[in-house]
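Protein chains in written order, with our numbering: chain A, 3 to 237; chain E, 3 to 237.
Backbone N, C-alpha and C fix where the C-beta goes; we use that ideal spot for every residue, glycine too.
Owing to the predicted nature of the structure, the values given are computational and were not obtained by experimental measurement.
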DNA sequence: CGTTACGTTGATGATATTCAAGGACTGTGG
DNA sequence: CCACAGTCCTTGAATATCATCAACGTAACG
């Protein structure tokens, strides 16, 4: 990998596998990357911990370097809806008012770059590509939520599960059909898919019985029949 | 109503009941409003027509003056998910990439102000309050979609219907518990709530039987027991 | 080797969808 | 003004799907 664009002081992990795929940094010149770096701070978080909670002041924007997180929303009756899962390269916290309207829980050990939201906004005024990238990220997030909405509105349990698998396959860096790591629990899947842990488990059993997927280990998914899974997931 | 902030050439309908509630224009000075006006054009659309279609170039941002529209998304299998209903004062088309990723269908005769997206963005660089308003609108839209996601994921048909009614009551200008006009068909409600027309109809019957609501006319909803409906709708 | 947390499976009842038939409202033309 | 057709809405019956409660497996860990 070329090191031409590598700012001097950023943690090297940035450049292992994430940097190239990271939307936030697309098309930035070395000089602009340097300026962005000045607003950033590496931050770590352990499995099960929260990056931030619902209703906390929305002062920071995060860029996931490594690990997987769940965006979740708790409601007054105690129920939980997971809005999405985010992976290395993804950005958190762009679309918020003064307070975060959801919480971010780490499913694994997580490393993030933490930006002051204010400074990022100021910088985006001066760096046109950065602004464009931020807008693009927002519209992608929105588009993804609308797909999610459709899945919860129209699809059956089995199809929902396939939707999740295709999402993971497409968005989890390094995922291949024969190797998708499920970092989330069955309960997390259920809360994402608007279902229950039992229904998820039964749907999994059905997919296994039909030889569409296999589980060499509990959280190691293999997609055996990609065409069929993709078909079921289809939007 | 004070006319101090009234730009000279804007269509008077703007000032009948919408202007004060319109987020896009909050806190703008008369001079700034004048500049905004220069980018605007009044446009009308009949019931059943589309303001724009999915995948059309996203060149414009709309501000609803009068009427009701449905934001909908069509999927490859022909199914339709309605993302939301918009009313006077609401803004359409802020969060999109180059192409609209959903379509906007008019449920009634509709009047909108049509802004060039490009010019609006440029103007927002110069007018700080406008930029803030736009950000606030985006985060509200996002927050609303997340509530919707929760409703589709976690709630039963009856509760979903109550959720819709409360949304209408809160957001439809002029709506009161004893007078909520349903401009959408039963099919529209079903497509919004991730349900079927029959289930919507049955849920309605149940709510009527329990004296929570009444229908003096087919599309004139009265909420008889606001506390109960609100309770059922609760997020 | 027991404890604990997490996942699976079975039985049952609740809820929603589907298919089909019947009403109610609307607009048109006689 | 009425008859008729068309559209939308409601209701019924049968079925499919899912949630719930409970029991059982299994993997991880001290």
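When DSSP states are grouped into helix, strand and coil, residue 169 of chain E belongs to the helix group. For residue 218 of chain A, the uninterrupted beta strand (DSSP E) run begins and ends at 215-219, by DSSP. Within the DSSP secondary-structure output, residue 86 of chain A pairs in a beta bridge with A:73. Only residues of its own chain outside the window of five on either side were considered, and among them 205 have a CB closer than 6 angstroms to the CB of residue 163 of chain E, listed in chain order. When C-beta distances to chain E are compared with 7 angstroms, every residue of the stretch 46-57 of chain A stays at or above that value. If you draw a 10 Å sphere on the C-beta of residue 44 of chain E, you find fewer than 16 other C-beta atoms in it, and that means exposed. Assignment of beta-bridge partners to residue 224 of chain E by DSSP yields E:216.
At a cut-off of 8 angstroms, the C-beta of residue 131 of chain A has no neighbouring C-beta in chain E. In the structure shown, residue 133 of chain A adopts helical secondary structure according to DSSP, grouped into three states. With respect to the C-alpha of residue 95 of chain A, the residue from A:123, A:218 and A:212 having the closest C-alpha is A:123. In this structure, residue 61 of chain E lies away from residue 99 of chain E, with their beta-carbon atoms at least 8 angstroms apart.
Annotation: the continuous beta strand (DSSP E) that includes residue 65 of chain A extends over 62-68. For residue 210 of chain A, the secondary structure class from DSSP, reduced to helix, strand or coil, is helix. For residue 153 of chain E against residue 167 of chain E, the beta-carbon gap comes to about 12 angstroms, at or over 8 angstroms, which does not count as contact. What residue 104 of chain A touches in chain E, judged by beta-carbon distance under 8 angstroms, is 148, going in chain order.
At a beta-carbon threshold of 8 angstroms, the residues of chain A lying near residue 83 of chain E are 148, 151, 152, 155 and 156, ordered along the chain. Residue 141 of chain A belongs to the set of residues whose beta carbon lies under 8 angstroms from a beta carbon in chain E. Residues of chain E whose Cβ lies closer than 7 angstroms to the Cβ of residue 134 of chain A do not exist, since the nearest Cβ in that chain is about 10 angstroms away. Residue 145 of chain A reaches chain E at 103, counting residues in chain order whose Cβ is nearer than 7 angstroms.
Of the other Cβ atoms in all chains shown, fewer than 16 fall within 10 Å of the Cβ of residue 55 of chain A; this residue is therefore exposed. Boundaries of the beta strand (DSSP E) around residue 113 of chain A: 112-118. For residue 46 of chain E, the pairing in a beta bridge is given by DSSP as E:113. Here residue 217 of chain A is exposed, its C-beta having fewer than 16 other C-beta atoms within 10 Å. Taking a beta-carbon distance threshold of 8 angstroms, residue 75 of chain A counts as an interface residue toward chain E. For residue 28 of chain E, no chain A residue has a C-beta closer than 9 angstroms to its own C-beta; the minimum C-beta separation is roughly 14 angstroms. Pairwise C-beta distances place the stretch 101-115 of chain E in contact with the stretch 64-80 of chain E, as three or more of them are shorter than 8 angstroms.
Judged by DSSP secondary structure, residue 38 of chain E falls within the alpha helix (DSSP H) whose first and last residues are 32-40.
Sorting E:109, E:40 and E:73 by C-alpha distance to the C-alpha of residue 50 of chain E places E:109 at the top. Annotation: Cβ neighbours of residue 78 of chain E in chain A (cutoff 9 angstroms, chain order): 236 and 237. Spanning the alpha carbons of residue 225 of chain A and residue 181 of chain A requires a straight line of approximately 8 angstroms.
When Cβ pairs closer than 8 angstroms are counted between the two stretches, the stretch 173-188 of chain E is seen not to touch the stretch 185-194 of chain A, the count staying below three. The beta carbon of residue 97 of chain A falls within 8 angstroms of a beta carbon belonging to chain E, placing the residue at that interface. A straight line joining the alpha-carbon of residue 30 of chain A with that of residue 228 of chain A spans about 36 angstroms.
For residue 105 of chain A, the uninterrupted beta strand (DSSP E) run begins and ends at 105-108, by DSSP. At a cut-off of 8 angstroms between beta-carbon atoms, residue 196 of chain E makes contact with chain A. Here the C-alpha atom of residue 36 of chain A lies approximately 10 angstroms from the C-alpha atom of residue 42 of chain A.
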